[in-house]
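Participant: Have a look at this one before I ask anything.
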Amino acid sequence: MLLNSLESAFKHQEPVDFDNLSIEHILPQHIENQTWWQTHLGGEWETIHELYKHTLGNLTLTGYNSQLSNLPFPDKKEKLQESHLELNKYFKNISVWNAEEIEKRAEYLAELALKVWPYFGDRDSSHQNANNVTGKSPLSISLSGDTLSVKTWAEVLVFTLNKIAELEPEQFVQLAENYPHFLGKDSSRFRRPVLLNNGYYAEKNMPGKRIYTFCIQAVKQVGLSSEEWTLTF
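Numbering of the sequence shown is given in numbering that gives the first Met the number 0, commencing with residue 0 and proceeding in unit increments.
Written out as structure tokens, the structure reads:
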């Protein structure tokens, strides 16, 4: 497990007993009845939760999993400060936990991984941190050998989803079930729906970095390699 390996890289004087630790979702997996989290994330809480809850930036290790559960972030943070794990010291100066902070921590963990395993080399420029694509206009998108010249992020989204539907039709259906605020058959559920080749609709009213994050997750979830999905700017 990546988090175990990263924690071990801090070279504790006393070995960490990973058997007594479990994965903790800082942004909880279920917040349908959690008013604090919904208010904290804002009006788009459902979309943000759907997109970021299982991403690396939202995960940590803890022995307090059952105690943390759906607690508000300030309470979780206080409990994590009792942890002896180096990974949890990250949260000391964090006051909010939203999409931007999850993306920042993902970048921090990626940089840490490169220090631990430098033989992985620099990350390809086509797989940037989501924060770094803000303000950039895509020029082309490639997936599984097919390339398309594009001018907008909406075109990136449509190309990616059409290609996934073509290559992995059954997995696409599962993808739509997992991301109902991004994909579906009812166009009225979306603010700016765009029709895909297979009859599904996608929400295109999103900033570039959210489209970027969703496309990366979609490609991985259906079993394709993220290395096959490349952007040029």
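A virtual CB, placed ideally from N, CA and C, is assigned to each residue, including glycine.
Which one of Val15, Ser82, Lys219, Tyr200 has the shortest CA to CA distance from Leu166?
Facilitator: For the purposes of this step, residue 166 is taken as residue 167 along the sequence shown, with counting starting at 1. It is Lys219.
Participant: Does the separation of the CB atoms of Leu174 and Lys203 fall below 8 Å?
Facilitator: Your numbering for residue 174 matches position 175 in the sequence shown. Your numbering for residue 203 matches position 204 in the sequence shown. In this structure, Lys203 does not lie closer than 8 Å to Leu174 by Cβ.
Participant: From Leu86, Ser68, Leu142, pick the residue whose C-alpha is nearest to that of Glu227; which is it?
Facilitator: Here residue 227 refers to the residue found at position 228 when the sequence shown is read from its first residue. Considering only alpha carbons, the answer is Leu142.
Participant: Leaving aside the five residues before and after Ser224 along the sequence, list all residues of the same chain whose C-beta is less than 8 Å from its C-beta, in chain order.
Facilitator: Counting from one through the sequence shown, the residue named residue 224 turns up at place 225. Contacts found: Val218.
Participant: Rounded to whole angstroms, what is the Cα-Cα separation between Leu230 and Glu45?
Facilitator: Counting from one through the sequence shown, the residue named residue 230 turns up at place 231. Counting from one through the sequence shown, the residue named residue 45 turns up at place 46. Spanning the two alpha carbons is a distance of roughly 27 Å.
Participant: Return the residue from the list Pro168, Tyr51, Val193 that minimises the CA-CA distance to Glu154.
Facilitator: The residue given as residue 154 occupies position 155 in the sequence shown. When only C-alpha atoms are compared, the closest one is Val193.
Participant: To the nearest angstrom, report how far apart Phe17 and Glu85 are at their CA atoms.
Facilitator: The sequence position of residue 17 within the sequence shown is 18, counting from 1. The sequence position of residue 85 within the sequence shown is 86, counting from 1. Each residue's alpha carbon lies about 13 Å from the other.
Participant: Who does Thr146 pair with in a DSSP beta bridge?
Facilitator: As a working note, residue 146 is residue 147 in the sequence shown. The partner list for Thr146 (beta bridge, DSSP) reads Ser141.
Participant: Would you mind stating whether Asn87 and Leu79 have Cβ atoms separated by less than 8 Å?
Facilitator: One-based indexing of the sequence shown puts residue 87 at position 88. One-based indexing of the sequence shown puts residue 79 at position 80. Less than 8 Å divides the Cβ of Asn87 from the Cβ of Leu79.
Participant: Can you tell me the Cα-Cα spacing of Lys10 and Glu99, whole angstroms?
Facilitator: Against the sequence shown, residue 10 aligns to sequence position 11. Against the sequence shown, residue 99 aligns to sequence position 100. C-alpha separation (whole angstroms): 29 Å.
Participant: In terms of DSSP beta bridges, what is Thr229 paired with?
Facilitator: Indexing the sequence shown from 1 puts residue 229 at position 230. Looking at the DSSP assignment, Thr229 forms a beta bridge with Ser141.
Participant: Using CA atoms only, rank isn't needed, just tell me which of Phe232, Ala109, Met0 is closest to Ile140.
Facilitator: By 1-based counting over the sequence shown, the position of residue 140 is 141. Restricting attention to Phe232, Ala109, Met0, the CA atom closest to the CA of Ile140 is found in Phe232.
Participant: Under a three-way DSSP split, which group does Ala8 fall into?
Facilitator: Locating residue 8 in the sequence shown gives position 9, where the first residue counts as 1. Three-state DSSP puts Ala8 in coil, outside helix and strand.
Participant: Helix, strand or coil: which one does DSSP assign to Leu84?
Facilitator: Against the sequence shown, residue 84 aligns to sequence position 85. Here Leu84 sits in coil by DSSP.
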